[in-house]
Amino acid sequence: MRKFSLILLSLLSVSLCGCSWFGKRTSHGEGEAVARVYDYILLEEDLTGIVPQGASRQDSIAITSNFIENWIRQKVVLHKAERNLDEEKKNVEKKLEEYRNSLVTYAYETELIRQKLDTVVSDTEIQDYYEKNKNNFELKDNIIRVIYLKLKKNSPKLNKAKEWYKSSIPKDRNLLHEYCVQYAENYFLDDATWLMFDDLLKEIPIKTYDKEQFLQNNRNIEIEDSSSIYLVSIKGFMIKKSTSPLSFERNNIRNLIINQRKLALLEKMEQQAYDEAKNEGALEIY
């Protein structure tokens, strides 16, 4: 170990100004060997760049030592694998070629999609898709349209807030929004948006053993804990396994339509490439 440390010190002792960390070369133009595992040789040049500029001598030695140790461990495992695997399993060239081909193809397809794919989906297209595939949009969980607030128990005008959160009058809604901005610890006022009921349960300490029954029997709810009061007004709900509403599925449908276009674009490109090769006489089956 002492010998190894001395080697590292000598490797790091070359001046940083105008000189390489590992300047000594063999007569064959390769760097000096730093470590060996069976037939694998680690050269000085393999260590170039592993130490960040400005690193202290102590840090440099530690980084270099760790690199060499990791290299040794990798090579002893590789050697063991080489000895114990049959030739067929060691033949990775085919897999590497397949991997390269898939990377090149993927890069081309990605660029083609970026340039050619139409990502504008109209409301009419979304509506039509929903109507044609309505049976596929079954709710897997309960969803709700809701208003909820979390307030400190000592919040001012609490009675007013309790009136406003139940109201559907635009003026009251505006007053409630102003109140929430100023006093609420947490709030959600967009009752036109469907939410997962389970997501609400993460925000509000509602205790229920039958979620469906709870939704059917409750509209305006007030819950208290030691420091806060929670006001919840359920404006609408749909039970799981019923047909999911269009407004809840809109973004999902948009993505489905775009994905269909993407697949169609790639299929068209593939067919065009096939036809071009065939017409040019570049396609032969022996």
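Heads up, the sequence shown is in the numbering used here, so the first residue is 36 and it goes up one at a time. C-beta: ideal position from N, C-alpha, C; glycine also.
Would you kindly report the start and end of the unbroken alpha helix (DSSP H) that includes residue i?
i    : result
E311 : L281 to N314
E67  : No alpha helix (DSSP H) contains E67, which DSSP labels as neither H nor E.
Q247 : For the sequence presented, residue 247 should be read as Glu rather than Gln. From DSSP, the alpha helix (DSSP H) with E247 extends over K246 to N252.
Y265 : Premise fails: Y265 lies in the beta strand (DSSP E), S263 to M273, not in any alpha helix (DSSP H).
E160 : D158 to K167
E23  : In this structure the chain extends from 36 to 321, so residue 23 is not present and cannot be described.
Can you give me the C-alpha to C-alpha distance between residue i and residue j, rounded to a whole angstrom?
i    : j    : result
S202 : D245 : 27 angstroms
A299 : Q150 : 15 angstroms
R285 : Q162 : 9 angstroms
I239 : E132 : 55 angstroms
T61  : V72  : For T61, the predicted structure reports a pLDDT of 36, less than 50, and the residue's modelled location is therefore unreliable. The matter cannot be settled from this model.
Y321 : L147 : 32 angstroms
A227 : R208 : 13 angstroms
G291 : Y143 : The sequence given here places Leu at residue 291; Gly does not occur at that position. The straight-line gap from Cα to Cα measures roughly 22 angstroms.
K276 : S282 : 17 angstroms
L318 : Q295 : 29 angstroms
D74  : E128 : 21 angstroms
E117 : I288 : 51 angstroms
W56  : E67  : With a pLDDT of only 38 at W56, under the threshold of 50, the placement of this residue in the model should not be trusted, and no figure is reported.
K125 : S95  : 36 angstroms
D260 : G271 : 26 angstroms
F249 : R135 : 56 angstroms
F102 : L82  : 8 angstroms
N189 : W229 : 31 angstroms
L301 : G89  : 50 angstroms
F172 : L235 : 22 angstroms
K59  : E104 : Summary for K59: the model assigns pLDDT 35, below 50, so the residue's position carries little reliability; its value from the coordinates is reported in the next sentence. If you take the alpha carbons of K59 and E104, they lie about 22 angstroms apart.
P87  : A97  : 12 angstroms
C215 : P205 : 15 angstroms
K237 : D158 : 32 angstroms
H63  : S91  : Low confidence applies to H63: its pLDDT is 40, below 50, so where it sits in the model is not reliable, and the reading given next is rough at best. Cα to Cα, the separation comes out at about 32 angstroms.
S137 : A312 : 19 angstroms
E123 : T145 : 34 angstroms
G316 : V139 : 24 angstroms
With residue i as the anchor, note down where its beta strand (DSSP E) starts and where it stops.
i    : result
L78  : Y75 to L78
L184 : I178 to K187
N255 : N255 to E259
Check whether the Cβ atoms of residue i and residue j lie closer than 9 angstroms to each other.
i    : j    : result
E182 : Y200 : Checking the sequence, you will find Ile at residue 182 rather than Glu. Cβ atoms of I182 and Y200: closer than 9 angstroms.
L266 : N253 : no
I274 : L120 : no
I241 : I258 : yes
D176 : M231 : yes
S262 : K187 : yes
I178 : P280 : yes
Y222 : P191 : no
N170 : T243 : no
Of the choices the options, whose alpha-carbon is the least far from that of residue i?
i    : options                   : result
I269 : S263, S261 and Q251       : Q251
D225 : L184, N294, V156 and K169 : L184
T99  : D233, S91, I85 and K110   : I85
Q109 : A97, Q93, K188 and L77    : L77
E80  : A308, F223, I179 and V69  : V69
L152 : A312, L82, S190 and I293  : I293
D233 : Y222, N221 and E247       : E247
Y322 : V112, M304, E166 and V156 : The chain is shown from 36 up to 321; residue 322 falls before or after that span and cannot be answered.
T154 : K313, K297 and A308       : K297
Hey, would you say the C-beta of residue i is under 8 angstroms away from at least one heavy atom of the ligand GDP?
i    : result
R296 : The model on display carries no ligand, and the ligand GDP is accordingly not part of it.
So, is the C-beta of residue i closer than 9 angstroms to a C-beta in chain C?
i    : result
Y222 : Considering every chain present, this structure includes no chain C. It has just one protein chain.
- prompt: Along the chain, which unbroken stretches of the beta strand (DSSP E) at least 3 residues long are found entirely within the region 189-229?
  reply: Uninterrupted beta strand (DSSP E) stretches at least 3 residues long and entirely within the region 189-229 occur at 221-223, given in chain order.
- prompt: In the region 93-152, which residue ranges form an unbroken alpha helix (DSSP H) of at least 4 residues, counting only runs that do not cross its ends?
  reply: Complete alpha helix (DSSP H) runs here, min 4: 122-125 and 128-151.
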